[in-house]
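Everything on this sheet refers to the single structure shown next.
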Amino acid sequence: MNKEHFNRLNPYKERPGEKGTLYLVATPIGNLEDITLRALKTLKDVDLIAAEDTRHTLKLLNHYEIRKPITSYYEHNKVEKGNYVINELMMGKNVALVSDAGTPGISDPGEDLVRLAIENGINVTMVPGPVAGIMGLVLSGLSADRFVFEGFLPMNKRTRKERISSLKNETRTIVFYEAPHKLLHTLKELYNNLGERKIVLARELT
Numbered sequence: 109m110n111k112e113h114f115n116r117l118n119p120y121k122e123r124p125g126e127k128g129t130l131y132l133v134a135t136p137i138g139n140l141e142d143i144t145l146r147a148l149k150t151l152k153d154v155d156l157i158a159a160e161d162t163r164h165t166l167k168l169l170n171h172y173e174i175r176k177p178i179t180s181y182y183e184h185n186k187v188e189k190g191n192y193v194i195n196e197l198m199m200g201k202n203v204a205l206v207s208d209a210g211t212p213g214i215s216d217p218g219e220d221l222v223r224l225a226i227e228n229g230i231n232v233t234m235v236p237g238p239v240a241g242i243m244g245l246v247l248s249g250l251s252a253d254r255f256v257f258e259g260f261l262p263m264n265k266r267t268r269k270e271r272i273s274s275l276k277n278e279t280r281t282i283v284f285y286e287a288p289h290k291l292l293h294t295l296k297e298l299y300n301n302l303g304e305r306k307i308v309l310a311r312e313l314t
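The opening residue of the sequence shown carries number 109 in our numbering; numbering runs sequentially from there.
Structure below.
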């Protein structure tokens with residue numbers, strides 16, 4: 109999704125000098141108390157919250173009695189909703205982007221919205237907090253001096269096999285994300301392609 113695609117789908121009238129700010133707000137990955145004061149203030153102050161799953165995010169907002177307009181932004185509506193969010197930002201509204209858990213933009217469509225915002229000259233700022241991959245790595249006892257983050261493996265079987273095979277000679281710690289119901293199958297794939305290695309499984313980190 110590029111600037112030309114945005115302009116074609118959703119023409120906008122920009123108010124000069126009044127563009128809003130896109131805030132990337134990290135949220136808890138389990139314990140609702142694992143959120144910063146700055147994150148709470150940002151969620152209370154913005155005009156709109158864009159969430160990967162509005163139902164999930166509403167639990168957090170309700171817990172802290174935050175009442176703000178909320179819209180969904182996820183993989184299957186990122187073009188339509190990306191245009192909508194950018195238009196709101198161009199009209200001077202401040203928007204917070206949150207994922208289901210952790211830091212938005214990592215293994216989710218948040219990166220596309222950030223790219224589009226930058227292309228349109230919109231200020232993007234980070235409100236830091238939990239990152240599941242980093243927390244899991246630190247708790248694993250494996251080397252964290254140098255590591256490779258692979259996120260979720262591709263869905264396509266051929267691409268997936270090629271990705272795993274490309275890691276055969278990798279000596280650094282490798283961090284993957286995987287859904288619980290796919291975990292056993294993925295572990296078998298990793299063993300068959302990468303051989304005997306030490307693996308640490310981490311979930312429900314907080």
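Ideal placement from N, C-alpha and C gives every residue a C-beta, glycine not left out.
Could you tell me the distance, in whole angstroms, from the CA atom of residue i to the CA atom of residue j?
i	j	result
residue 286	residue 143	24 angstroms
residue 223	residue 275	28 angstroms
residue 295	residue 153	43 angstroms
Just verifying my parser: in three-state terms, what is the DSSP assignment at residue i?
i	result
residue 251	coil
residue 231	strand
residue 299	helix
residue 279	coil
residue 158	strand
residue 211	coil
residue 203	strand
Any idea if residue i is buried or exposed, counting beta-carbon neighbours within 10 angstroms, 16 or more meaning buried?
i	result
residue 218	buried
residue 233	exposed
residue 273	exposed
residue 198	buried
Leaving out five residues on either side along the sequence, give the residues of the same chain with a beta carbon under 8 angstroms from the beta carbon of residue i.
i	result
residue 245	252, 255, 281, 283
residue 229	127
Between the options, which lies nearest to residue i when the distance is taken from Cα to Cα?
i	options	result
residue 237	210, 228, 305	210
residue 194	208, 166, 157, 313	157
residue 214	172, 145, 179, 257	257
residue 293	312, 128, 261, 305	261
residue 130	190, 172, 311, 249	190
For residue i, which residues from the same chain have a beta carbon less than 7 angstroms from its beta carbon, with the 5 sequence-adjacent residues on both sides left out?
i	result
residue 134	147, 210, 211, 235, 236, 237, 238
Could you name the residues of the same chain whose beta carbon sits closer than 6 angstroms to that of residue i, not counting the 5 residues immediately before and after it, in chain order?
i	result
residue 240	137, 210
residue 243	313
residue 128	197, 200, 201, 202
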